Amino acid sequence: MDLETTGGRFSEEGITEVAIYRFDGHQVVDRLVSLVNPMRPIDPYVTRLTGIDNKMLRRAPRFHELAKRIVEITDGCAIVAHNADFDYRMLRQEFARLGYVYERNTICTVKESQRLMPGLESYSLGKLCRALGIPVAARHRAYGDAEATVRLLEILIEKDTSKQIVKMASRPAHRLSRREMKYRLILDTLPTFSGVFQILDKDKNIVYIGRSNNIYKQMTHLLSLDTQVGRAIQEAINTVTWEEVPSQLISYLKYIGQVREIEPPLNGKLRLRRMTRSLASAFPRDKTMLIFDKGQKVSERAVVLVENGQLKGYAYADLNHQVTNLDVLRSRLTPLENTPDYLYAIRAYVRRGQGVTVEYL
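Here the working numbering is used: the first residue of the sequence shown is 9, the next is one more, and so on.
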């Protein structure tokens, strides 16, 4: 299998081309090759790489029109792909948008090539094909790369004297319980980046708010957590909403604010902090502090403003001219209360470092 996609932000990509060759160990016995209308624009870089543009996809079938055929042609099969994690994630993501749990075993030809042909300079599909003399009809198109992957798989099976590939292909896929299917549908739509997330019950009430530098990983942990809170989350969860926040400092400040305002039942009460002399001394009363962290884009920074010992708020500012222009910065602020819980969080992140820097004006 090989897929081409629109590119773009994680969990917002769409599939633009699918190529699936059903291989019985000796020959291709069925195939599905089609462009796919992703209902979203293609990243210009992807168009330059693949040659697939938005105009080509206007009359192409949408994913839901191909979904049944994809299920049928892969039934009883393992998904074999070069960097299989990506293709399998994209398929599961598209099926999850349709409310369907798609489960197959996977075999990654990158990993198998590394196992069976150690020491090569590169394991990219193009360089492997050149090294092994495999012709590629159309590089960076799904049908060309999928055909090349079939030829690569044949070579790997021949080299695999321990028959591990055959064993993986014949292993039955794990059958999910109803609850596991529910969790899988939720997890397949979640990103792996940093941010704040809210867990909602069937009545759309927020029952838990969390934050993590990897939302998918944290939700996977919560859905397997054998504690009172973990079991309560697993029982209540219906959907998850999330917001990407690259700055872990801003993510924590947002988390504090949301938990204080919404008071989700499964979070419990935030620990009450008191203003102490030690805490106050971290924020000088005769200076302006600018605390910098990652922005939402490469060209900007997140900035927390503390003036004369008083927390004012945070903003995202352009690196070129907005960062140290206080008038512009003040106009862009999202205000925060000058409370000990926020100040404790800021002090902790400043002490920890990890990309957080401070300027005094």
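In this text, a Cβ means the ideal position worked out from N, Cα and C, and glycines have one as well.
The structure presented is a predicted model; accordingly, all values stated were derived computationally and were not measured.
Spatial neighbours of residue i in its chain, beta-carbon cut-off 6 angstroms, leaving aside the 5 residues before and after
| i | result |
| --- | --- |
| Val314 | Phe291, Met297 |
| Gln101 | Asp196 |
| Gly303 | Arg309, Ala310, Tyr324 |
| Glu191 | The residue asked about is misnamed: residue 191 is Tyr in this sequence, not Glu. Excluding positions up to five away in sequence, the list reads Leu231. |
| Asp38 | Arg30, Ile81 |
| Phe103 | Tyr110 |
Residues near residue i in its chain [Cβ-Cβ closer than 8 angstroms; skip 5 each side]
| i | result |
| --- | --- |
| Tyr151 | Asp10, Glu25, Ala27, Val41, Ala145 |
| Lys171 | none |
| Met176 | Ala86, Asn113, Ile115 |
| Thr200 | Phe18, Asn222, Ile223, Tyr224, Lys225 |
| Met64 | Leu43 |
| Ile50 | Thr14, Gly15, Thr24, Ile60, Asp61, Asn62, Leu65 |
| Gly341 | The question names Gly, yet the displayed sequence has Leu at residue 341. These residues qualify, in order along the chain: Leu313, Lys320, Gly321, Tyr322, Ala323. |
| Ile217 | Val204, Phe205, Gln206, Ile207, Tyr263, Gln266, Val267, Ile270, Pro272, Asn275 |
| Leu184 | Val109, Glu111, Arg192 |
Proximity to residue i [Cα-Cα], best of the options
| i | options | result |
| --- | --- | --- |
| Ala288 | Ile270, Asn316, Gly265 | Asn316 |
| Val54 | His148, Ser232, Thr228 | His148 |
| Pro272 | Val358, Gln236, Asn213 | Asn213 |
| Leu57 | Glu12, Leu160, Glu120 | Glu12 |
| His72 | Val36, Tyr96, Val44, Asp168 | Val44 |
| Cys137 | Leu161, Val36, Pro126, Glu188 | Leu161 |
| Glu345 | Val366, Val312, Thr365 | Val312 |
| Pro343 | Leu261, Arg355, Ala356, Asn333 | Leu261 |
| Tyr108 | Gly59, Gln122, Tyr131, Glu188 | Glu188 |
| Met227 | Asp211, Lys210, Gln236, Val204 | Val204 |
| Tyr110 | Thr365, Lys76, Lys295 | Lys76 |
| Arg105 | Thr247, Val358, Asp301 | Thr247 |
| Gln362 | Ser286, Leu193, Pro254 | Pro254 |
| Lys305 | Glu252, Ile354, Arg355 | Glu252 |
| Tyr322 | Asp211, Arg360, Gly265 | Gly265 |
| Ala356 | Leu257, Val267, Thr284, Leu278 | Leu257 |
| Asp32 | Val174, Ala139, Val79 | Val174 |
| Arg293 | His90, Leu278, Gln318 | Gln318 |
| Asp83 | Arg219, Asp209, Ser178, Arg360 | Ser178 |
Beta strand (DSSP E) segment containing residue i, residue limits
| i | result |
| --- | --- |
| Val312 | 308-315 |
| Ile364 | Note on identity: in this sequence residue 364 is Val, with Ile being the wrong assignment. Note, Val364: premise wrong, no beta strand (DSSP E); not H, not E. |
| Ser178 | Careful: Ser178 lies outside any beta strand (DSSP E), inside the alpha helix (DSSP H) at 172-178. |
| Lys320 | 318-326 |
| Glu12 | 10-13 |
| Arg30 | 23-31 |
| Ser42 | 36-43 |
| Thr197 | Where Thr197 is concerned, there is no enclosing beta strand (DSSP E), given that its DSSP letter is neither H nor E. |
| Asp301 | 296-302 |
Cut-off 7 angstroms between Cβ atoms - residues of its own chain near residue i, not counting five sequence neighbours on either side
| i | result |
| --- | --- |
| Arg48 | Thr14, Gly22 |
| Asp168 | Leu124 |
| Arg281 | Pro348, Asp349, Tyr352 |
| Gln122 | Tyr131 |
| Gly141 | none |
| Gln242 | Leu231 |
Residue interval of the alpha helix (DSSP H) (run including residue i)
| i | result |
| --- | --- |
| Met47 | No alpha helix (DSSP H) contains Met47, which DSSP labels as neither H nor E. |
| Leu136 | 133-140 |
| Lys167 | 150-167 |
| Arg56 | 52-58 |
Identity of the residues DSSP links to residue i by a beta bridge
| i | result |
| --- | --- |
| Pro343 | Gly321 |
Go through the stretch 203-285 residue by residue and report every complete run of the beta strand (DSSP E) that reaches 3 residues or more, in order.
You should have 203-208, 214-220, 247-252.
Going residue by residue through the stretch 60-116, where are the continuous alpha helix (DSSP H) segments of at least 4 residues, counting only ones entirely within it?
As far as the stretch 60-116 is concerned, its whole alpha helix (DSSP H) runs of at least 4 residues are 62-65, 71-81, 92-105.
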